[in-house]
Amino acid sequence: MKMNYRQNKNKKIKVITVIIILFFFLFVYFYGNITSSFVSNSTHSMFSTFWKTGELIKSKTSAIPAFFISHASLQNKNNTLSLQIQDLEIKNLISEYLYDENEELRKILNRLDEKEAIITSIIARPNQSLYDTFIIDLGMDNISIGDIAMANGNITIGRVAEVYDKTSKVVLFSSFGEKIDVLVGKQKISAIAIGRNGGNFEIRFPRDMEITIGDIVSVPSMDIRILGVVAHIQKEANDPFQAVLIQSPVNIFELKWLEIIKNNINNINESE
Amino acid sequence: MKVSSNILKRIIVNIVLFLCVLFAPWWITIILAILATFYFKTYYEIIIVAILIDILYGVPKWYIFNLSFGYTIFSIIIFALTQWTKTKLR
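Encoded structure:
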């Protein structure tokens, strides 16, 4: 009798648990947005202190690994990096010259785009979850949903998806399933890039279209907005299409700062 | 008041999991949560941790009906599976 009573009690608990879970899902499906914004706001306000403390500790302890690297190894790395810097300085001079010339020409044609940019620090990075989002140190007073996040001045990274009192969520354009209009290569071929996580994108082109590794992929805009570079092209024997894989030129896991600018990009997900 | 060693272990694992949610890569959090679900009896905390991750980092995704509760759904499935597996292994 005792055994029956215990088994019945367990069965009751399981049934009640399943009913509670079902109600939870129904509630979330119909009313999720109302509760989630309040709950998310409070949670973000609470946790922003933890994230900032974590970033502070990381920045103070970033030099510790250097103690364990040999002097010879550091010297070699130093020499290699010095040569790379020299090469990049020359390329930078040419880029600056071309950039100034471009600005001058646009000024003459009255096509200068004065963008409002706010710099923000990143307090949580995409490797914290599978959602491919940044948490940034700016709230609803400064930015709004749909604003664009850029890195290193001209690299397009993502869009502001949610804003709270003290923090905001930036979803990367490379987040799985995100779509964005782009222009590929020197011929500026129009296409839709689909996010594949971790700063990677994919575009499917007809097989006979000429795409080269190293082609720059940019976002249509008055100023320079680079999304990535063609890193790999995949062609299968029976497939009439080729898969062009694009990589962001920045390492999104090592970014410390982002620029947030007002939106004027056609992100397909927003219009859905 | 003497706290049993099992409860103490559970508290420590919960604190470590909480810190992993904030600072560790996602795969460490998932592995630790799944291991804890198998180790402890009725580890409800995995669902709470999953809800926390969804609130902190989640955005609506088309493949979960435009909801941002992917981790929560995954954790409920893992929790149910581990409970079922444990009853079968007894």
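Protein chains in written order, with the numbering used here: chain A, 6 to 277; chain B, 7 to 96.
No residue lacks a Cβ here, since even glycine has one placed at the ideal position from N, Cα and C.
Quick caveat: nothing in here was measured; it's all calculated off a predicted structure.
Worksheet item: Which full runs of the alpha helix (DSSP H) of 4+ residues lie inside the region 27 to 51 of chain B, going along the chain?
Response: 32 to 45
Fill in: Element boundaries [beta strand (DSSP E), containing A:Leu232]
Taking the first residue of the first sequence as position 1, residue 232 of chain A is located at position 227. Element bounds for A:Leu232: 231 to 240.
Worksheet entry | Closer than 7 Å to chain A by CB, B:Ile97 | Past the boundaries of the shown model lies residue 97 of chain B; chain B is included only from 7 to 96, so the question cannot be answered.
Worksheet item: Interface residues of chain A around B:Trp32 at Cβ under 7 Å?
Response: For the purposes of this step, residue 32 of chain B is identified with residue 26 of the second sequence, where counting begins at 1. The answer, in chain order, is Asn132, Gln133, Ser134, Leu135.
Discussion item. Please classify A:Pro70 as buried or exposed, where buried requires at least 16 neighbouring CB atoms within 10 angstroms.
Written reply: As a working note, residue 70 of chain A is residue 65 in the first sequence. Classification of A:Pro70: exposed, given that the 10 Å Cβ count is below 16.
Discussion item. For chain B, check one thing: does any of its Cβ atoms lie closer than 7 Å to the Cβ of A:Phe246?
Written reply: The sequence position of residue 246 of chain A within the first sequence is 241, counting from 1. Contact of A:Phe246 with chain B is not assigned, every C-beta pair being separated by 7 Å or more.
Item to complete: For B:Thr35, collect the residues of the same chain with a Cβ closer than 8 Å to its Cβ; drop the 5 residues on either side in sequence, then sort them by chain order.
Response: Position 29 of the second sequence, counted from the start, is the residue given in the question as residue 35 of chain B. Leu23, Cys26, Val27, Val55, Ile59.
Worksheet item: Which residue from A:Ser134, A:Ser126, A:Ile24 puts its Cα closest to that of A:Lys261?
Response: Sequence index remark: in the first sequence, residue 261 of chain A carries index 256 (1-based). When only C-alpha atoms are compared, the closest one is A:Ser126.
Discussion item. Using DSSP's beta-bridge definition, name the partner residues of A:Ala196.
Written reply: Sequence index remark: in the first sequence, residue 196 of chain A carries index 191 (1-based). In DSSP, A:Ala196 forms a bridge with A:Val187.
Item to complete: Look at the Cβ atom of B:Ile52, then the Cβ atom of B:Phe75, and state whether they are nearer than 7 Å.
Response: By one-based count along the second sequence, residue 52 of chain B stands at place 46. By one-based count along the second sequence, residue 75 of chain B stands at place 69. Not a contact, by the Cβ cut-off of 7 Å.
Practice prompt. Using the Cα positions of A:Ala122 and B:Lys47, report the straight-line distance between them to the nearest angstrom.
Written response: Reading the first sequence from its first residue, position 117 is the one you call residue 122 of chain A. Reading the second sequence from its first residue, position 41 is the one you call residue 47 of chain B. If you take the alpha carbons of A:Ala122 and B:Lys47, they lie about 52 Å apart.
Discussion item. Measuring only from the beta carbon, is A:Phe206 closer than 6 Å to any heavy atom that is part of the ligand PLP?
Written reply: Summarising the ligand content, the structure contains no ligands, and the ligand PLP is consequently not present.
Practice prompt. For A:Gly182, name the three-state secondary structure that DSSP assigns.
Written response: Residue 182 of chain A sits at position 177 when you count from the first residue of the first sequence. In this structure, A:Gly182 counts as coil in the three-state DSSP scheme.
Discussion item. Less than 7 Å between CB atoms is the rule here; does B:Tyr63 satisfy it with respect to chain D?
Written reply: Given the protein chain composition of this structure (A and B), no chain D is represented.
Worksheet item: Going by alpha carbons, who is nearest to A:Ser2 out of A:Asn157, A:Lys14, A:Asp186, A:Ile128?
Response: Nothing can be reported for residue 2 of chain A, as the shown portion of chain A is limited to 6 through 277.
Worksheet entry | CA-to-CA distance, A:Lys57 to A:Ser64, given in whole angstroms | Here residue 64 of chain A refers to the residue found at position 59 when the first sequence is read from its first residue. Here residue 57 of chain A refers to the residue found at position 52 when the first sequence is read from its first residue. Each residue's alpha carbon lies about 11 Å from the other.
Worksheet entry | Option nearest B:Tyr77 by Cα separation, candidates B:Phe44, B:Ala30, B:Ile57, B:Thr91 | Taking the second sequence and counting its residues from 1, one reaches residue 77 of chain B at position 71. Cα-wise, what sits closest to B:Tyr77 is B:Ile57.
Fill in: Own chain, CB closer than 6 Å to B:Asn20, minus 5 neighbours either side, in chain order
For the purposes of this step, residue 20 of chain B is taken as residue 14 along the second sequence, with counting starting at 1. Glu51, listed in sequence order.
Fill in: Of the residues A:Asn46, A:Gln252, A:Ile221, A:Lys112, the one placed nearest A:Met227, counting alpha carbons only
On the first sequence, position 222 is the one that residue 227 of chain A refers to. Checked all of A:Asn46, A:Gln252, A:Ile221, A:Lys112; the closest Cα to A:Met227 is A:Lys112.
Fill in: Partner residues on chain B for A:Ile26, Cβ-Cβ distance less than 8 Å
Looking up residue 26 of chain A in the first sequence gives position 21. Ordered by position in chain B, the residues that pass the 8 Å Cβ test against A:Ile26 are Ile82.
Discussion item. Below 7 Å on C-beta distance, what does A:Ala198 contact in chain B?
Written reply: Within the first sequence, the letter at position 193 stands for residue 198 of chain A. Those within 7 Å of A:Ala198 in chain B number zero; the least Cβ separation is about 16 Å.
Discussion item. Here's a check: name, in chain order, each residue in its chain whose Cβ is nearer than 7 Å to the Cβ of A:Ser179, leaving out the five neighbours to either side.
Written reply: Within the first sequence, the letter at position 174 stands for residue 179 of chain A. Excluding sequence neighbours, A:Ser179 sits near Asp137, Gly200, Arg201, Asn202, Gly203, Gly204, Asn205, Phe206, Ser253.
Worksheet item: Would you call A:Ser75 buried or exposed, if buried means 16 or more other Cβ atoms sit within 10 Å of its Cβ?
Response: What you label residue 75 of chain A is simply residue 70 of the first sequence in a count that begins at 1. When all chains shown are included, A:Ser75 counts as exposed.
Worksheet item: Which chain B residues sit within Cβ distance under 8 Å of A:Glu167?
Response: Along the first sequence, read from residue 1 onward, the residue named residue 167 of chain A stands at position 162. Chain B residues near A:Glu167: Val65.
Discussion item. So, for A:Ile208: in the same chain, excluding its five sequence neighbours on each side, which residues have a beta-carbon less than 6 Å away from its beta-carbon?
Written reply: Stepping through the first sequence from its first residue, residue 208 of chain A is reached at position 203. Here the set comprises Ala196, Ala198, Val249.
Discussion item. Within a Cβ cutoff of 6 Å, which residues of the same chain sit near A:Lys171, ignoring the five residues on either side of it in sequence?
Written reply: One-based indexing of the first sequence puts residue 171 of chain A at position 166. Closer than 6 Å at the Cβ level, and outside the excluded window around A:Lys171, lie Ser50, Ser53, Gly144.
Practice prompt. Check the Cβ of A:Ser64 against every Cβ in chain B and list those closer than 9 Å, keeping chain order.
Written response: Numbered from its first residue, the first sequence carries residue 64 of chain A at position 59. Simply none; closest approach about 13 Å.
Worksheet item: Any Cβ of chain A within less than 7 Å of the Cβ of B:Leu28?
Response: Taking the second sequence and counting its residues from 1, one reaches residue 28 of chain B at position 22. Yes, B:Leu28 lies at the interface with chain A (some Cβ there is under 7 Å from its Cβ).
Worksheet item: What span of residues does the beta strand (DSSP E) with A:Gln247 cover, start to end?
Response: Here residue 247 of chain A is taken as the residue at index 242 of the first sequence, counted from 1. Note, A:Gln247: beta strand (DSSP E), 246 to 252.
Worksheet item: Should B:Trp90 be flagged as near chain A, meaning a C-beta pair shorter than 7 Å?
Response: Sequence index remark: in the second sequence, residue 90 of chain B carries index 84 (1-based). Chain A, which has no Cβ nearer than 7 Å to the Cβ of B:Trp90, makes this no.
Fill in: Supposed close pair A:Ile257, A:Val235 - CB separation, criterion 8 Å
Start at 1 with the first residue of the first sequence, and residue 257 of chain A comes out as number 252. Start at 1 with the first residue of the first sequence, and residue 235 of chain A comes out as number 230. That belief does not hold up - the Cβ atoms of A:Ile257 and A:Val235 are roughly 18 Å apart, past 8 Å.
Discussion item. Counting only Cβ pairs nearer than 7 Å, list the residues of chain B close to A:Trp262.
Written reply: As a working note, residue 262 of chain A is residue 257 in the first sequence. Within chain B, no residue comes near A:Trp262; the closest Cβ sits about 19 Å away, beyond 7 Å.
Worksheet item: With distances taken from CA atoms, which of A:Arg230, A:Lys191, A:Gly233, A:Asn15 is nearest A:Ile216?
Response: Here residue 216 of chain A refers to the residue found at position 211 when the first sequence is read from its first residue. The shortest Cα separation from A:Ile216 among A:Arg230, A:Lys191, A:Gly233, A:Asn15 belongs to A:Lys191.
Discussion item. B:Phe44 and B:Thr88 - do their beta-carbons sit closer together than 7 Å?
Written reply: In the second sequence, counting from the first residue as 1, residue 88 of chain B sits at position 82. In the second sequence, counting from the first residue as 1, residue 44 of chain B sits at position 38. Going by C-beta atoms, B:Thr88 is nearer than 7 Å to B:Phe44.
Discussion item. Looking only at its chain, what residues have a beta carbon closer than 7 Å to the beta carbon of B:Ile40, apart from the 5 residues adjacent to it on each side?
Written reply: Indexing the second sequence from 1 puts residue 40 of chain B at position 34. So the qualifying residues of the chain are Ile84.
Discussion item. Need the endpoints of the alpha helix (DSSP H) that B:Trp90 sits in, please.
Written reply: Here residue 90 of chain B is taken as the residue at index 84 of the second sequence, counted from 1. Taken as a continuous stretch (DSSP letters only), the alpha helix (DSSP H) holding B:Trp90 covers 76 to 95.
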